[in-house]
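Quick note on my numbering: the sequence shown kicks off at 17 and runs consecutively.
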Amino acid sequence: MREEMRTFGYLCPKCGKPVMAARSIFALEASNAEVACSCGETALRAIFDGERYQIYVPCGICGETHMAVCEPERVLRGATALGCAKTKQFCCFIGPEGTVEKNLRELSILAEKEKRQEDEGREAFLDNVIMYEVLSELKDIAARPGGVTCTCGSSRYGMEIRRSSVDLVCRDCGAKLRIPAATDRDLDDLCCHLKLVIPGK
Ligand SMILES: [Zn+2]
Ligand SMILES: [Zn+2]
Ligand SMILES: [Zn+2]
17 MREEMRTFGY LCPKCGKPVM AARSIFALEA SNAEVACSCG ETALRAIFDG
67 ERYQIYVPCG ICGETHMAVC EPERVLRGAT ALGCAKTKQF CCFIGPEGTV
117 EKNLRELSIL AEKEKRQEDE GREAFLDNVI MYEVLSELKD IAARPGGVTC
167 TCGSSRYGME IRRSSVDLVC RDCGAKLRIP AATDRDLDDL CCHLKLVIPG
217 K
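Written out as structure tokens, the structure reads:
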């Protein structure tokens, strides 16, 4: 008879790789088990005290290590998932290889997507300090009477904030004035304007 195996899977919080390995039920009942990532930085540990398993999972979602206490039934039969204490998302899967592989792949795609969004969020502006200064200068100019006007006669406008510039858009004729917000020079240029005029129709 082939020995019955259980697969453990988690997402390495250090290198981001999905980590998967199988252990025989015989081995899991006899001693502690460890499943380590190939980067050598993290490892999942299952410690059996004769009654219950304490499972330590390096969490690929929040980066911490979570501990779950599981009945042997849960670890050795069926399929189960352990959740991240912080985000409530599943961060560890135990069960038949196919099930673990499928869930782990989904988790890895999700984590990648979240990371990408984080990166994009962080780099929303070419230079955060300059953008902040430009926006506060624009606020000062706009606060002056007739600070922002359009040559069409309107003084109603909207603001579109981009990565390295701010567009002032006339609400009446749709004309645009682009204020660059990427360098110190841009900031200096803006500061010499008491008023801004959108070149309208
Ligand atoms: Zn790793
Ligand atoms: Zn977590
Ligand atoms: Zn206008």
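All C-beta atoms, glycine included, are put in the ideal place defined by N, C-alpha and C. Here the structure is a predicted model, which is why all the values come from computation and not from measurement.
The beta carbon of residue 127 lies closer than 8 angstroms to those of 27, 32, 76 and 77 in the same chain, with the five residues before and after it left out. Exclusion of the five residues before and after residue 100 leaves 75, 77, 78, 82 and 107 as the residues of its chain whose Cβ lies within less than 7 angstroms of its Cβ. Non-local beta-carbon contacts of residue 195 in its own chain, meaning distances under 8 angstroms to residues more than five positions away in sequence, involve 150, 154, 181, 182, 183, 184, 202, 206 and 212 in chain order.
Ranked by Cα distance from residue 37, the options 112, 175, 147 and 88 are led by 112.
Not a single heavy atom of ligand 2 lies less than 6 angstroms from the C-beta of residue 118. When distances are taken from the beta-carbon of residue 57 to the heavy atoms of ligand 1, the shortest one is below 6 angstroms. As the crow flies, the alpha-carbon of residue 34 is around 39 angstroms from that of residue 146. With 16 or more neighbouring CB atoms inside 10 Å of its own CB, residue 53 falls in the buried class.
Under the three-state reduction of DSSP, residue 58 is assigned to coil, being neither helix nor strand.
The Cβ atoms of residue 25 and residue 141 lie no closer than 7 angstroms to each other.
Contact between residue 69 and residue 91 holds: CB atoms are separated by about 5 angstroms, below the 8 angstroms threshold.
Per DSSP, residue 77 is not a residue of any alpha helix (DSSP H), being assigned neither H nor E. A straight line joining the alpha-carbon of residue 168 with that of residue 176 spans about 19 angstroms. For residue 49, the number of other beta carbons within 10 angstroms of its own is at least 16, and it is reported as buried. Look at residue 170: its beta carbon is less than 6 angstroms from one of the heavy atoms in ligand 3.
In this structure, residue 197 lies away from residue 166, with their beta-carbon atoms at least 7 angstroms apart. Contact between residue 19 and residue 40 holds, since their C-beta atoms are separated by about 5 angstroms, short of 8 angstroms. By the 16-neighbour rule on beta-carbons within 10 angstroms, residue 214 is buried. Taken in chain order, the complete alpha helix (DSSP H) segments of 4 residues or longer contained in the stretch 25-56 are 41-46. Counting only heavy atoms of ligand 2, the residues whose C-beta sits closer than 5 angstroms to one of them are, along the chain, 75, 77, 78, 100 and 102. Sequence-distant partners of residue 189 (beyond 5 residues in either direction) whose C-beta falls short of 8 angstroms from its own C-beta, in its chain, are 166, 168, 170, 216 and 217.
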